[in-house]
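Okay, structure first, notes after.
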Amino acid sequence: MKKIDCLGDMCPIPILKARKELKSMNVGDIVKVVSDHSCVLEEMQSNFRKHKITSEEVINGVWEIFIEKRD
Numbered sequence: 001m002k003k004i005d006c007l008g009d010m011c012p013i014p015i016l017k018a019r020k021e022l023k024s025m026n027v028g029d030i031v032k033v034v035s036d037h038s039c040v041l042e043e044m045q046s047n048f049r050k051h052k053i054t055s056e057e058v059i060n061g062v063w064e065i066f067i068e069k070r071d
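Take 1 as the starting number for the sequence shown in UniProt numbering and just add one per residue.
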């Protein structure tokens, strides 16, 4: 699993980082994006609809967003 640290990054930086990483991944691979901005989760869900996205707020104000690459 790849990890992208986006703590402190505002949109669209996390989206651009995730998009770049997804290009080099195979179907079924997972990337974990760590963010401290709630808007990042919403943007991930709207920008990567064709992929499977799950998330968890691991501590107050910090999210781990998992993107599983599909087609």
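Glycine is no exception: its CB is placed at the ideal position from the N, C-alpha and C atoms.
Predicted, not measured: the structure shown is a model, and the values here were computed from it.
(request) Pair every Cβ in the stretch 15–29 with every Cβ in the stretch 54–61, then say whether three or more of these pairs are closer than 8 Å. (result) no
(request) Could you tell me if C39 is buried or exposed, where buried requires 16 or more neighbouring beta carbons within 10 angstroms of its beta carbon? (result) exposed
(request) Report the rounded CA-to-CA distance for F66 versus H51, giving the unit in angstroms. (result) 10 Å
(message) Suppose you measure from the CA of G28 to the CA of D71; what does that come to, to the nearest Å?
(response) Cα-Cα distance, rounded: 9 Å.
(request) Verify whether the separation of the beta carbon atoms of V33 and C6 is less than 9 Å. (result) Yes. Within cutoff.
(request) Counting only the same chain and skipping the five closest in sequence on each side, list residues whose C-beta sits under 8 Å from that of L41. (result) These residues qualify, in order along the chain: S35, S55, W63, I65.
(message) Looking at A18: is its Cβ nearer than 9 Å to the Cβ of M1?
(response) no
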